[in-house]
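Here's the structure we're looking at; comments come further down.
Numbering (the UniProt record's numbering), first residue to last: 1 to 1276.
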């Protein structure tokens, strides 16, 4: 059984909305991520999180709907296979987002394809339209749910939460449309006859058409309001060719794909809409048809000649424009315009008014930031992150036009992230959501509005519209503000929201010990590319490092009534007192203290006295500088103290031989309160800081692997305490008040094998004088060496640090949501640690054997931390780590936009430092040669970088298939073996080609096996030997029995397969296992699975032996076991495209090996980082039973069942998930917001005795389930 879970959920923001009175705050921002919806209040101090709701599906669209007497609701569109429309609002009483209604969306026929260009939900008042499938629009009516409030409320501007009416979906019907290539759909202000929509579509003859239609809810149909307009040549009969100059065509808007409707009407009742293309924007008016001559009607429906243009059509979806592999301009095949058969007068008329050229770049988002009765302002953002503002004002009756004059102002605002949506908040603040870069909160620069710039004056330059670019109704005056080349200040970034999507590739960087140090991800698109460094563990910020200290083994924070932070440091032979503020200095102390080892120390509460325990006894000091001793207790000369602990006004010491004494500490000295002889050597002791000072709890651990727990009264009365058996000796102990048992104590034990044991102790059932009992226990591995706990209690937001655990690595143990968790720190050789309260807040003092004493601040206790290295217009598509050089190799493409709109590309192999990602060197490739694979290989005794490339077709060719990143059209490629030599200081690395090989087709994958180089190019696999005389890659064997070899992986030798194997992923079929001879490199056997999965990514894992995991073309995960034969094993419906599988783990695999061993990491294009691990025998049965019972009881948003959500297969043929435990799902069992005690027990028991969650052959308790879940949660 395999366990799969997310270490990082998808990060892109697909869309955002501004809402009024959704929460109890006036203005809120709603953001949509692929798996959740979040609500943030807009406040004076920025955006404040309010609530979120996770959905079981993939969000592809949101919109809002508001009806009188109800709070605003949000429509959430989920994509197939679980296509649903959810209606969500904010509930004031619970401060949560709730679902008020939902409906499933199904295509009219099961084989109907999904919409290729436009997938969204748009709403107006009580109507919503959904575009999900080709040729069909789903129409949904929304109404007040009278049952939710009992009665209809009276009208109110801002509804009150009590008794507030919710909305529900009333009806859902489909409307067939002939426009199969729908590019955009939007609502205009309605007429008295009902809603009005605009459609933009690409016709069968490659025409871009725009039409306004009315929606009839009673007839379930659209009725045309206006004649359809050809957006490329709306007013002329010019023929269109490859050489057509669209700037010379009046109102031409090539590659138009978006319409921005203006909410308000003009004074004469006309609607206005802005049509946006990749170079121009055109404003249209829609008004009732007045007197119009038959000649004009005939002119608008005339026939034009052949059409063909680089930008006269739209071949790709705006949703996928930035994620595609190549942003080159679109090509078009020749087509012929068709004759519009409708020659009758239409009721309404669509007319262009003005056109403005914003510059090259496909506009992918736009928003209205201000509108009124005679004008509006719009902000548009393109694929390069360039933002432009367009403002206009109609001046009726003025100027030379029949209807008047219109002023148009265009100004460049600046550059930021390529937007997926733009939301205007308030006071010149924009929220720019992005699916391919970080989302940002911006402040707009000051822009003079077109409403107050007089003719010929102001910042802008007044220009009369071009000849032919205006009709006789309106005279157009253009005013140009800031240009793209201006260097004035632009957009101010106020907040940044991290997004690692789209993930194009990843590699794992190792530390000196060979373990995973961090991941490097290639992400971004267009001119917002980046490399992301993902580290697991606590985020620390180093404040200062203090040199000159050696061999520090223990540290204590000493802060008295003066609040001056001090540190007492002990080595094996001496003690040092250090003052940290106002400046760092060593405080001189007397020799009797300086020349002795300190075992334990603490400030006596309410007194300026230091209690110190040394091997020779206990001392109470009032002044260390002059040696003012207030009290002292010494041990006999024949013995010594081996371990001790001081907590508040109590101290416990253990002498050599097993004698233990408990002291009460006061300003008069040390008073013995109890003695016990355990007759064994003591390894560690601990005493609690009990609120009942007369009865603290004492814990004793021995080197014979025994742990005893006593109350002070038990020691005083000679009563046996609680014995806790362990398999290893405890080297350190820590006691703390229990987080949720009022009379409970929590015991943390660090064992000599690196395990952390946590025991929950309680006295509530037996009283103060009664016996202690163990309520529950759990354990986790923090390393392999003896674990030493250093208490470091401090609070960080909602989380509280408990201790620092030191083995061969450092871990921070902290409390989060009443659970004890731990997270590793990427710092080595730490010998001692403690927490210090300073004037600037809590900091940690860490002593390292190599770097000395450091003061650090915890920035975050999150499990993952992401750092960004911006690369701008340099897109990294391939990554590999070269361990021998501690460097990362990148396949890089630099794209530069030229002034004429074309894009110039340069391709490189770049070498960067594995830690800092600083560029070290680069190697230029040929023109149009793209890096398609990278691998560090060891051939004939040397390390090389193997580079696979594909040489793309000429840019001026007629074949446009490469526009979609299709490597199948690539007919030639190369394999380069690069060798490196580190240059002189500051001169970078020298790179030269050791060997070169030409291939037929692009090189999809490279691997090293038995000292040979395996090359997958097209459908052929070849094995090569590196010869040195002459230097060449000699082919030893080949294999061509696959359709497309998309992936390669090498299985190491094992008992079942002594020579290992070469695993092939077929991009059209499934998995193939090849055997390669170690001596001559011949391929001599193969096993294959011929199912038509279509392998998109492939990796190795452990599942009852060696196994393979693949991601298929339907976004499922499939596994195969490689035992005596290739066996199909597990299936999981992930519903996201996996970019790469990477062997490794975010945490050490020894953390909980009996429960789970994680060994595979994966990243999806949507930005999800996940882990896959093999569950132990007992944990697999328990968690599988838990998953089964939870899936029967708990439904997701919209009543979607987990089994349906994680159903694999295709849209036509489904397959149930099997062999996987969904960690994201079962971990919800620990969340009390979802399951209280009653529901949790109901899940464990199941619906019958046969469904009770099992632990082996026994019935599992809730504590057993929690133990397994907490252990697996530590993996991610």
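C-beta: ideal position from N, C-alpha, C; glycine also.
Residue 1182 sits in a helix when the DSSP states are folded into three classes. By the criterion of a C-beta distance shorter than 6 Å, residue 173 is surrounded in its chain by 139 and 220, once the five residues flanking it on both sides are discounted.
DSSP places residue 1194 outside both helix and strand once states are collapsed to three, so it counts as coil. Taking the C-beta atoms as reference points, residue 598 is found no nearer than 8 Å to residue 579. Taking the Cα of residue 24 as reference, the smallest distance to any Cα among 3, 12 and 50 is reached at 50.
Residue 492: member of the beta strand (DSSP E) spanning 492-497, first to last residue. Taking 8 Å as the cut-off, the beta carbon of residue 1210 is found closer than this to the beta carbon of residue 1114. The residue among 640, 635, 665 and 658 with its C-alpha nearest the C-alpha of residue 648 is 665. Taking a contact as a CB-CB distance under 8 Å, the pair residue 834 and residue 439 does not count as one, their CB atoms being some 39 Å apart.
The C-beta of residue 412 has 16 or more other C-beta atoms within 10 Å across all chains shown, which makes the residue buried. By the 16-neighbour rule on beta-carbons within 10 angstroms, residue 802 is buried. If you check the CB distance, residue 222 and residue 213 come in under 8 Å. Shown here for residue 504: same chain residues with a beta carbon closer than 6 Å to its own, the five before and five after excluded, namely 522 and 877 in chain order.
Non-local C-beta neighbours of residue 559 in its own chain, meaning closer than 8 Å and more than five positions away in sequence, comprise 565, 566, 603, 836 and 837, ordered along the chain. Between residue 1109 and residue 1047, the C-beta spacing is not below 8 Å. Looking only at 420, 414, 419 and 436, the smallest Cα-Cα distance to residue 444 is reached by 414. Cα atoms of residue 1271 and residue 899: separation of roughly 57 Å, rounded to the nearest angstrom.
Around the C-beta of residue 267, fewer than 16 other C-beta atoms lie within 10 Å, and the residue is accordingly described as exposed.
Taking a contact to require three or more Cβ pairs closer than 8 Å, the segment 739-749 and the segment 808-818 qualify as touching. Of the other Cβ atoms in all chains shown, fewer than 16 fall within 10 Å of the Cβ of residue 1084; this residue is therefore exposed. Residue 141 is a Cβ neighbour of residue 217, given a cutoff of 8 Å. The beta carbon of residue 925 sits closer than 6 Å to the beta carbons of 907 from its chain, once the five residues preceding and following it are set aside; these are given in chain order.
Per the C-alpha coordinates, the member of 376, 1217 and 1185 positioned closest to residue 1269 is 1185. Around the beta carbon of residue 547, fewer than 16 other beta carbons sit within 10 angstroms, so the residue counts as exposed. Straight through space, the alpha carbons of residue 1141 and residue 1003 are spaced by roughly 19 Å.
Boundaries of the alpha helix (DSSP H) around residue 1266: 1262-1273.
Residue pairing of residue 603 in beta bridges, as defined by DSSP: 610.
Just so you know, the alpha carbons of residue 881 and residue 840 end up roughly 40 Å apart. Burial is judged here by how many other beta carbons sit within 10 angstroms of a residue's own beta carbon; residue 550 has fewer than 16 and is exposed. Setting aside the 5 residues that flank it on each side, residue 991 is surrounded in the same chain by 921, 923, 978 and 980, each with a C-beta closer than 7 Å to its C-beta; the list follows chain order. Here residue 134 has 113, 115 and 180 as same chain residues with Cβ atoms under 6 Å from its own Cβ, once five neighbours each way along the sequence are excluded.
With a threshold of 16 other beta carbon atoms within 10 Å, residue 353 meets it and is buried. Scanning the segment 623-684 from its first residue to its last, no whole alpha helix (DSSP H) run of 4-plus residues comes out. Taking the C-beta atoms as reference points, residue 145 is found no nearer than 8 Å to residue 178. By the beta-carbon neighbour count (other beta carbons within 10 angstroms, threshold 16), residue 626 is exposed. Taking the Cβ atoms as the reference, residue 1022 lies roughly 33 Å from residue 1131, outside the contact range of under 8 Å.
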